[in-house]
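Protein sequence lines, in the order shown, are assigned to chains A and B. 1 is the number of the first residue of the first sequence in our numbering; add one for each residue after it. 174 is the number of the first residue of the second sequence in our numbering; add one for each residue after it. Written below as structure tokens is the structure these notes are about.
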Amino acid sequence: MDRTQVNTAMPYLAPPSAAPSHGMVLGRLSAYWRALGVSDPDQIAALSEQALRRGMPDRPESPDPLTGALAAARDLLDDWLARTLDLPRQPQALAAARAALLGGAVPDWPAVLFAPPDAARDVSGALRAAVAEPAPAPAPGTMPAQRIELFSLLDPLRHWRRSVSSPSEKTPS
Amino acid sequence: MTSSVRPSAKGYVLRRSVFFLLTNLTTLIALGLLVSVFQSNGFSPMELLLLLLYTILIGWICMSFWTALMGFFTILFGRDRWAISRQPAAPLDPAVPPPRTAVLMPIYNEDSERVFAGLRAIHRSLAETSRLADFDFFILSDTRDPDVWVEEELRWQDMVRALDGKGRIFYRNRPENTDRKSGNLEDFCTRWGGWYRYMIVLDADSIMKGSTLTDMVRLMECHPKVALIQTPPVPVNRESLFARILQFAGSIYGRMFTAGLNYWQLGESNYWGHNAIIRVRPFLEHCGLPKLPGREPFGGAILSHDFVEAALLRRAGWEVWLAYDLEGSYEEIPPTLIDYAKRDRRWCQGNLQHLRLALAHGFNALSRLHFSMGVMSYLASPLWLLFLLATGVEAFIQTRQETIYFFGENWIPVWPVSFAVEMTTVLLVTLTMLFLPKLLALLLLLKDSRLRHGYGGMFAATLSVVLETVFSVLTAPVLMLFQTKFVLAILLRRAVGWPTQQRGDHMTSFKEAALAHGGHTLTGVVAGVLSYQYVPAFFWWFTPVLLGLLLSIPVSMLSSSIALGRKSRELGLFLTPEETDLPPVLRYLDENLRESEPVLPVLWDKPASRFVQALTDPYVNALHLSLLPESEPPGKRRRHYLEGLIHQLEEEGPDSLSAAQKRELISDSDTLLRLHALFWSRPPANAGMLP
């Protein structure tokens, strides 16, 4: 992942007033791929093309074509990771794999992405080893709340009442 | 060498009988002296009040005095033969694999760099014991601040990568910090507790030597009836003058007090919340904390859970020990007087809550005493204040009474009886009880040349004790007023918050000092003028208290000085053995903080906001998303709420959002992904706004 490219993401700007042009979409996609660590212009162009084809404006998290294309770019990567690592399409699992990839587990990963499937199999071990494991498997136990009987000034009175009450009034134990 | 035996029931009874007999006897003697002063003309209501207050306060001082004295003799004559570390152990089966132990670090909006530097130091020290494989590390975050949250995740990942800790070093952030620290630990126990026989609970500023951790596990293995072993944490690492004085006091007197506590408490000791090892199974079975009936501050969740957990373990028949002789357990203390008071404010409510538990059914006598001691550590302040006020009023009443020398026709004058000797004796007894332990601690240095060297030699240690005594006299009235204020606020049902501690060294500004101590100074002026005007004789007795109050602002500011702290160290004052000869684990911490280069490139720079970085940086975004717990998709109302926050972020920037709102945005995986795509879709037009 190329960290020098990361800061080209522009936070908190007003939304664009007009629909983005094709050039603009490609430009932003290219910037995103570069930030992810793809430096070869041909690879960027190919990946951007695929992302544009996948981009679906009606997906819930992408209200406009540009965000749709960017989300599709991420999906493209996730698809590859899911195939390589045999992962379920679950956001946390995919994100963990993506973090491992972008964290440097596979040097020059774009080359592997464009290589035959066997190459991907070669890197799957390194990638799997780099996937973060935030917690062990569950080994649950129960921790019941303990009973603490607080002292009350009425306690002696209750004791007295219990002692004077007739046997018929007592609750059977 | 003394032979090692397990203490019998008779042993418990004998030691406690001696301790309580001495405590009660001394209290009665001191009380008798005061009674002899008051009884000449019968007791006025004010005198009765004074007697009552004095009984409570001198009893409290006597307990502390005899604890120190027993600790003194324990250390003087070698180690306590009934100490947990000296008892005969059940034989261990070498064929049985070593138990799994979890090292738990519960954190809440702490300085992540310091937290992880500390954990890495412990990890390295543990690795040197070759027993690292038996331990797993858990960072149990209750952090609410979104920037700190993201920073913690990155630091955790960095630690895992640097130490090859995958599958051994874990991190989780709770979606809701229900029941604070006790809830945090309960969450661990109920989710992963089944994997571990023991857990070692740390605090964010705890440091423990690897061999101490393995010793704790060994002791637990040897003593299957023991559920908890508390180590005495020695205060270290601070540089301000205030903290160095406290570190010195904690170190030189602390070891005597902990030895004394162990002497009479034995297997019915207490839990101080951290730097302790706990057997997980009994903790799961017996330490689920209930909510107390009623509303805060006395009802609701139990705040100071540690005492209660120890009492519940004791109630279930398990032993709780204080391993006073186990070294290599450290903590850091607040750097300034004001931070110290802030910490007191947090602890005060929890301790006062124990007032209800001290009388609850089912707890054993010593657990009740622990609760009462916790209460008294805060209630003593308002009682001292009341005692001083009552003494002043009584002195004023005495000055108004006209002395009659001639009764009736009698021409021989009847001189008033002077009680100066008795009063001076009362004062001397009280002062002896307070200050003799300091002298005893110094005497112990004569026995041990290694320790003497550690404290900078006999002369430097003596001078440090004198100066520390002066300092504690000056700060005691200020802490008395602080604690009285906290107690009153709690009694008036004004619940205190749970603010994050400012743990790092920093100077107290004049503004901060004036705001915190302005009232103290004013109180000092008013009390001084009134006592000088109306009870001049009392005024001079009162001067140490008045001086402390009048000088509170400069004392607070000067004592927070790091330069003065360093200067005092150069002069060989307030030295502790840990400063003289830095233990390796503290050196590792120092190295980690000064020199360590993170493995993760994202940590090489410190951006303005880790929150924004979690939205924009593909790696940080992915890592953060991967650590979010799986959750149900948000409902329609919540989706609309998040939508509103997204628009606010887009239009007004991250500074317009509160920390809680930012947290909500990065707690939802769909929102996180959407914001990531949204930010990358914007042209990089305004580089100045980049994170």
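Note that beta-carbon positions come from the ideal geometry of N, C-alpha and C, so glycine has one too.
| Asked | Found |
| --- | --- |
| Opposing strand residues paired with B:W494 [DSSP bridges] | B:I402 |
| Cross-strand partners of B:A275 (DSSP beta bridge) | B:D309, B:M372 |
| Uninterrupted beta strand (DSSP E) stretches inside the stretch 406-443 of chain B (no shorter than 3 residues) | none |
| Distance, B:W365 Cα to A:P136 Cα | 7 Å |
| Coarse secondary structure for A:G27, derived from DSSP in three states | helix |
| Proximal chain A residues relative to B:L801, where beta-carbon distance stays under 9 Å | P91, Q92, A95 |
| Interface residues of chain A facing B:P466 [CB-CB closer than 9 Å] | L150 |
| Pair within 7 Å by beta-carbon distance, B:K835 and B:F784 | yes |
| Residues that A:E49 contacts on chain B, provided the C-beta gap is smaller than 9 Å | Within chain B, no residue comes near A:E49; the closest Cβ sits about 17 Å away, beyond 9 Å. |
| Proximity of B:I839 and B:P348 at Cβ, strictly below 7 Å | no |
| Separation of B:V407 from B:E504, as counted between CA atoms | 6 Å |
| Cutoff 7 Å: A:L52 Cβ touching any chain B Cβ | no |
| Residue from B:I295, B:M393, B:T387 whose Cα sits closest to the Cα of B:P261 | B:M393 |
| Secondary structure of B:Y707, DSSP reduced to three states | helix |
| Beta-carbon proximity of B:M546 to B:I451, cut-off 7 Å | no |
| Chain A residues whose Cβ lies nearer than 9 Å to that of B:S842 | P91, Q92, A95 |
| B:P791 at chain A interface by Cβ criterion, 7 Å | yes |
| Neighbourhood of A:L87 by C-beta, 7 Å cutoff - its chain only, sequence neighbours within 5 removed | L81, A93, L94, A97 |
| Chain B contact for A:P88 (CB, 7 Å cutoff) | no |
| For B:W671, three-class secondary structure by DSSP | Confidence at B:W671 is low in this model, with a pLDDT of 44, below 50, so its placement is unreliable and the value that follows should be read with caution. The answer is coil: DSSP assigns B:W671 none of H, G, I, E or B. |
| Length of the line joining the Cα atoms of B:R488 and B:P455 | 11 Å |
| Residues from the stretch 123-146 of chain A in contact with chain B, defined by Cβ distance under 9 Å | A129, A130, V131, A132, E133, P134, A135, P136, A137, P138, A139, P140, G141, T142, M143, P144, A145, Q146 |
| CB contact check: A:G55 to chain B, cutoff 7 Å | no |
| Pair within 7 Å by beta-carbon distance, B:R189 and B:W437 | yes |
| 8 Å contact criterion, which B:L292 and B:M332 should meet: CB distance rounded | 7 Å |
| Chain A residues whose Cβ lies nearer than 7 Å to that of B:G535 | E149 |
| 7 Å Cβ cutoff, B:K658 in contact with chain A | no |
| Any C-beta of chain B under 7 Å from that of A:R28 | yes |
| Where B:M389 sits in the DSSP three-state scheme | helix |
| For A:S21, the first and last residue of its enclosing beta strand (DSSP E) | Counting along the chain, A:S21 falls outside any beta strand (DSSP E), and DSSP gives it neither H nor E. |
| Min CB distance A:A45 to chain B below 7 Å | no |
| C-beta contact flag for B:T316 and B:Y281 at 7 Å | yes |
| Separation of B:R811 from B:R259, as counted between CA atoms | 59 Å |
| Member of B:G356, B:L375, B:L624 whose CA lies at the smallest distance from the CA of B:L462 | B:G356 |
| Residue from B:K354, B:G367, B:K398 whose Cα sits closest to the Cα of B:A377 | B:K354 |
| Classification of B:K620 by the beta-carbon crowding that lies within 10 angstroms, buried from 16 upward | exposed |
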